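A.B. asks:
Residue numbers (the working numbering): 1 to 493.
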């Protein structure tokens, strides 16, 4: 049945992304928002907007009842969950379907089979896809984990079985630190995903993190849309992604694509999903599967020419995929850098404040996805992503050159961001050589403090003050007595 009105159960950049495709398809949209997002771009761009509640996610974007009520009130006949929040929540998907709405996402049964890391490991092993040696048994006691860690051998990686994004993950180098790490990981997993279930895996030292974009329909067809390299990370969270990977042979690329499709078919998967792997040389291991659209999906769109949101909608309407595996071509190279409100020099601590400016100039081959504009406030309630800066080129060198140029001209004053780090990464010889792995930042001593020139900073501050202060605030050139003196205080760096 054709979808006519989509409620987007998300915010900021991804909500705007879905709105853009819906508008192109002639589909009406409803945005939802919290108190913190009342004047946000996604609220203004949707056809209808419904207030959910307080800024805290539990009172707004995680409030399934309020979201379903918003759909009923506005006449939406489908819900797109975006990513994060309720996007991988099978119970929410069940509730959407039970309410007579179309769920723009994978079947809840497939979400349960693959959204949980332990379940995904079992599915992969049953279908001949290798997994990292580890433990995901039912005995979740500290003693059981200690026994299994000794068997696997240190260092080990503790992971939350539910969810992703690096939350609930701890690397442990010695038995004396295991129990403390288990308790810390459980607390974080409960807060982030509502489940304290953990698993253990052997720590893989310097792997490449490769993910394969898959797409399935409700007629049994599943294809892959090539891979993305996601190895450059901080605290297990991605910073820069590219497609295709510069470090795969065609043979290994084919094996990864085949393995991803096998896992998806085994779970009866439909719609967009991502199968993630760790790659060591020619060996690879299943890492997890994300049963949703990924943050980094634009690089796949740019090398395939496909609109993944439009495909999600078509599949959810019951239509078969309009192409077979042999029809999926790739063209050129695309790279995405995540501009985040965080301080790389303070362990990537999230930052808050008001964006005084947000200058992200566009030219041919560049794309910017953002939910913010100058004057917006970056708060502490949601993730730190400000914008995705994406460059396409006929080859990796030209895509890198375009992205570097964008990063050099980008400006987001008012909030500390990782912009200097992004510039540093793309300037390293290792980036140019494609010598990437998940320990890239540590190996190359990044981030480093950007050089400061206080004299230039003072001159720049003076010019900004002189040219941008409203005329009504400029002191009159008159005084009754005393020296003509004005002091302004600026922070440089």
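Heads up, the beta-carbon is just placed ideally off N, CA and C, and yes, glycines get one too.
Remember, it's a predicted structure, so these values are computed and weren't measured experimentally.
Helix or strand or just coil, what does DSSP make of residue 299?
C.D. replies: Indexing the chain shown from 1 puts residue 299 at position 299. Correct three-state label for residue 299: helix.
A.B. asks: Got a sec? Which residues, its chain only, sit under 7 Å from residue 436 by beta carbon, not counting five neighbours each side?
C.D. replies: Mapped onto the chain shown, residue 436 falls at position 436. Cβ neighbours of residue 436 beyond the five flanking positions: 208, 229, 231, 232 and 247.
A.B. asks: Assign residue 1 to buried or exposed, taking buried as 16 or more other Cβ atoms, counted over all protein chains shown, within 10 Å of its Cβ.
C.D. replies: The residue labelled residue 1 in the question sits at position 1 within the chain shown. With fewer than 16 other Cβ atoms within 10 Å, it is exposed.
A.B. asks: In angstroms, rounded to a whole number, what distance separates the CA positions of residue 358 and residue 371?
C.D. replies: Translated into the one-based positions of the chain shown, residue 358 becomes position 358. Translated into the one-based positions of the chain shown, residue 371 becomes position 371. In a straight line, the C-alpha of residue 358 is about 11 Å away from that of residue 371.
A.B. asks: I want to know whether the region 7-22 touches the region 73-90 - three or more CB-CB distances under 8 Å.
C.D. replies: Contact holds: three or more Cβ-Cβ distances are below 8 Å.
A.B. asks: Tell me the rounded alpha-carbon separation between residue 415 and residue 355.
C.D. replies: Reading the chain shown from its first residue, position 415 is the one you call residue 415. Reading the chain shown from its first residue, position 355 is the one you call residue 355. Distance between the alpha carbons of residue 415 and residue 355: 6 Å.
A.B. asks: In whole angstroms, give me the CA-to-CA distance for residue 147 and residue 134.
C.D. replies: The residue you call residue 147 lines up with position 147 of the chain shown. The residue you call residue 134 lines up with position 134 of the chain shown. Computed Cα separation, rounded: 12 Å.
A.B. asks: Enumerate in chain order the residues of its own chain whose CB-to-CB distance from residue 494 is below 7 Å, with the five nearest sequence positions on each side excluded.
C.D. replies: One cannot answer for residue 494 here, as it falls past the ends of the chain, which runs 1 to 493.
A.B. asks: Between 36, 128, 58 and 240, which lies nearest to residue 399 when the distance is taken from Cα to Cα?
C.D. replies: Translated into positions along the chain shown, residue 399 becomes position 399. Ranking the options by Cα distance to residue 399, first place goes to 240.
A.B. asks: To the nearest angstrom, report how far apart residue 120 and residue 249 are at their CA atoms.
C.D. replies: In the chain shown, counting from the first residue as 1, residue 120 sits at position 120. In the chain shown, counting from the first residue as 1, residue 249 sits at position 249. Whole-angstrom Cα-Cα distance: 26 Å.
A.B. asks: Which full runs of the alpha helix (DSSP H) of 4+ residues lie inside the region 364-412, going along the chain?
C.D. replies: Here the runs fully enclosed are 396-409.
A.B. asks: What residues in its chain sit with their C-beta under 6 Å from that of residue 114, if we drop five residues either side in the sequence?
C.D. replies: Against the chain shown, residue 114 aligns to sequence position 114. Excluding sequence neighbours, residue 114 sits near 120, 267, 289 and 291.
A.B. asks: Per DSSP, which residues does residue 238 bridge with? Please list them.
C.D. replies: Position 238 of the chain shown, counted from the start, is the residue given in the question as residue 238. Answer by DSSP bridge pairing, in chain order: 233.
A.B. asks: Suppose you measure from the CA of residue 144 to the CA of residue 378; what does that come to, to the nearest Å?
C.D. replies: By one-based count along the chain shown, residue 144 stands at place 144. By one-based count along the chain shown, residue 378 stands at place 378. When rounded, the distance between both Cα atoms is 43 Å.
A.B. asks: Evaluate contact between the region 308-319 and the region 270-284, counting only Cβ atoms and requiring at least three cross-stretch pairs below 8 Å.
C.D. replies: Yes: the two stretches touch, three or more of their Cβ pairs being nearer than 8 Å.
A.B. asks: Mind reading off the beta-carbon distance from residue 261 to residue 223? Whole number of angstroms is fine, and I expect it under 8 Å.
C.D. replies: Position 261 of the chain shown, counted from the first residue, corresponds to residue 261. Position 223 of the chain shown, counted from the first residue, corresponds to residue 223. About 7 Å separates the two Cβ atoms, so the contact holds.
A.B. asks: Beta-carbon separation of residue 447 and residue 483 under 9 Å?
C.D. replies: By 1-based counting over the chain shown, the position of residue 447 is 447. By 1-based counting over the chain shown, the position of residue 483 is 483. No. Outside cutoff.
A.B. asks: Smallest Cα separation from residue 75: which of 27, 198, 409 and 60?
C.D. replies: In the chain shown, the residue the question calls residue 75 occupies position 75. The candidate whose alpha carbon is nearest that of residue 75 is 27.
A.B. asks: So what's residue 431 in DSSP terms, helix, strand or just coil?
C.D. replies: Your numbering for residue 431 matches position 431 in the chain shown. Of the three classes helix, strand and coil, the one that applies to residue 431 here is helix, per DSSP.
A.B. asks: How would you write the range of the beta strand (DSSP E) that residue 51 sits in, first residue to last?
C.D. replies: Position 51 of the chain shown, counting from 1, holds the residue named residue 51. Unbroken beta strand (DSSP E) run through residue 51: 48-53.
A.B. asks: Within 10 angstroms of the Cβ of residue 393, are there 16 or more other Cβ atoms? Answer buried if so, exposed if not.
C.D. replies: Locating residue 393 in the chain shown gives position 393, where the first residue counts as 1. Counting Cβ neighbours within 10 Å, residue 393 comes out buried, since at least 16 surround it.
A.B. asks: Taking C-beta to C-beta, are residue 334 and residue 298 nearer than 9 Å?
C.D. replies: Translated into positions along the chain shown, residue 334 becomes position 334. Translated into positions along the chain shown, residue 298 becomes position 298. Cβ atoms of residue 334 and residue 298: closer than 9 Å.
A.B. asks: Is the separation between the beta-carbon of residue 320 and that of residue 453 shorter than 9 Å?
C.D. replies: One-based indexing of the chain shown puts residue 320 at position 320. One-based indexing of the chain shown puts residue 453 at position 453. No. Outside cutoff.
A.B. asks: With a cut-off of 8 Å, do at least 3 Cβ pairs link the region 41-61 to the region 105-113?
C.D. replies: Judged by Cβ distances under 8 Å, the region 41-61 makes no contact with the region 105-113, as fewer than three pairs qualify.
A.B. asks: Please name the residue, chosen from 131, 37, 302 and 384, that lies closest to residue 390 on a Cα-to-Cα basis.
C.D. replies: For the purposes of this step, residue 390 is taken as the residue at position 390 of the chain shown. Considering only alpha carbons, the answer is 302.
A.B. asks: How would you call residue 388, buried or exposed, if buried means at least 16 neighbouring beta carbons within 10 angstroms?
C.D. replies: As a working note, residue 388 is residue 388 in the chain shown. Flag for residue 388 reads buried.
A.B. asks: By alpha-carbon positions, which one of 149, 364, 382 and 418 ends up nearest to residue 450?
C.D. replies: Taking the chain shown and counting its residues from 1, one reaches residue 450 at position 450. Of the candidates 149, 364, 382 and 418, the one whose C-alpha sits nearest the C-alpha of residue 450 is 418.
A.B. asks: Taking 9 Å as the cut-off, decide whether the C-beta atoms of residue 32 and residue 66 are in contact.
C.D. replies: Locating residue 32 in the chain shown gives position 32, where the first residue counts as 1. Locating residue 66 in the chain shown gives position 66, where the first residue counts as 1. Yes; because the gap between Cβ atoms is below 9 Å, this pair is in contact.
A.B. asks: Going straight from the alpha carbon of residue 191 to that of residue 396, what length do you get?
C.D. replies: On the chain shown, residue 191 is found 191 positions in, with the first residue counted as 1. On the chain shown, residue 396 is found 396 positions in, with the first residue counted as 1. For residue 191 and residue 396, the distance between alpha carbons rounds to 39 Å.
A.B. asks: Can residue 364 and residue 351 be called in contact, C-beta distance under 9 Å?
C.D. replies: Here residue 364 refers to the residue found at position 364 of the chain shown. Here residue 351 refers to the residue found at position 351 of the chain shown. Not in contact: residue 364 and residue 351 (Cβ atoms no closer than 9 Å).
A.B. asks: Using DSSP's beta-bridge definition, name the partner residues of residue 289.
C.D. replies: Counted from its first residue, the chain shown places residue 289 at position 289. According to DSSP, residue 289 bridges with 275.
A.B. asks: Grab the span of the beta strand (DSSP E) containing residue 111 for me, first residue to last.
C.D. replies: The residue given as residue 111 occupies position 111 in the chain shown. Element bounds for residue 111: not the beta strand (DSSP E) but the alpha helix (DSSP H), 108-115.
A.B. asks: Please report the distance separating the alpha-carbon of residue 142 from that of residue 172.
C.D. replies: Taking the first residue of the chain shown as 1, we reach residue 142 at position 142. Taking the first residue of the chain shown as 1, we reach residue 172 at position 172. Taking the straight line from one Cα to the other gives about 14 Å.
A.B. asks: If we call anything under 9 Å between Cβ atoms a contact, is residue 129 one with residue 286?
C.D. replies: Numbered from its first residue, the chain shown carries residue 129 at position 129. Numbered from its first residue, the chain shown carries residue 286 at position 286. Cβ distance < 9 Å, so residue 129 and residue 286 count as in contact.
A.B. asks: Here's a check: name, in chain order, each residue in its chain whose Cβ is nearer than 6 Å to the Cβ of residue 211, leaving out the five neighbours to either side.
C.D. replies: Indexing the chain shown from 1 puts residue 211 at position 211. Result list for residue 211: 228, 230, 274 and 276, in chain order.
A.B. asks: Could you give the first and the last residue of the continuous alpha helix (DSSP H) run that contains residue 316?
C.D. replies: Here residue 316 corresponds to residue number 316 of the chain shown, with the count starting at 1. Where residue 316 is concerned, the enclosing alpha helix (DSSP H) stretches over 308-316.
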